[in-house]
Structures are given as structure tokens and as C-alpha cells.
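Asks: In this note's numbering, the protein residues as written are 27 to 126.
All residues carry an ideal CB built from backbone N, CA and C; glycine is no exception.
Once you've had a glance at the structure underneath, I'll fire off some questions.
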């Protein structure tokens, strides 16, 4: 029974590795300061999207996130590709045609 399950489990592991590879490659391509900006953007985006609209802290998080967004764009990073749905978007190095 275990021998029959092993190939299936190995296939799942391989599939998971193939799905994770682009994310790992993007992180490896980022310079240390860019990785810090990406971490900051994630934290600020969570505070911005998860906060109350009437809370000054939420507005501050949104403003700071937008500033980090501009820094990442200036460094050649894009948040998704044109035509991506919101859930598909992730920070990645821009293709030449995608640069703002």
C-alpha cells in the first residue's frame, strides 16, 4: 500500500516545487534593499486593507504603502501584469513592455 502511495506523494511534491519555483526565483532576483521594500509593502498593504476607513492609522498605512509602491516601480518592479485579476497579482520584475 505504501509503495502505491509513494509515487502519488512524490508527484504532489514535484508539483508543489514547480509551482513555488517562480516565487523563489523572484525573491532571489531581488536585491536586499528591494526585498526589504517588498516586506514593507506587504505589511503596509495588510494594514491598509485590513484597517478601518475612519482610522488615521489606516490612512497613514495606505499613504506609506503607496510611497513604497512608487519606489518599487522606480526600481523596475510591477505588481502583476496587465490584465491580471487582483488575486493573481504579485510583485515581479517588469517586462520591458510593462514598465510604467
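Going by Cα to Cα distance, which pick from 72, 103 and 81 is closest to residue 59?
Replies: When only C-alpha atoms are compared, the closest one is 103.
Asks: Indicate whether residue 70 and residue 96 have their beta-carbon atoms separated by less than 8 Å.
Replies: No, the pair does not count as a contact, with Cβ atoms beyond the cut-off.
Asks: If we ignore side chains and look at the alpha-carbon of each, how far apart do residue 106 and residue 67 end up?
Replies: Cα to Cα, residue 106 sits roughly 14 Å from residue 67.
Asks: Considering only the beta carbon of each residue, do residue 93 and residue 84 sit closer than 8 Å?
Replies: Cβ atoms of residue 93 and residue 84: not closer than 8 Å.
Asks: How would you write the range of the beta strand (DSSP E) that residue 104 sits in, first residue to last?
Replies: Segment 103 to 105, the beta strand (DSSP E) holding residue 104.
Asks: Along the chain, where does the beta strand (DSSP E) containing residue 118 start, and where does it finish?
Replies: Residues 117 to 119.
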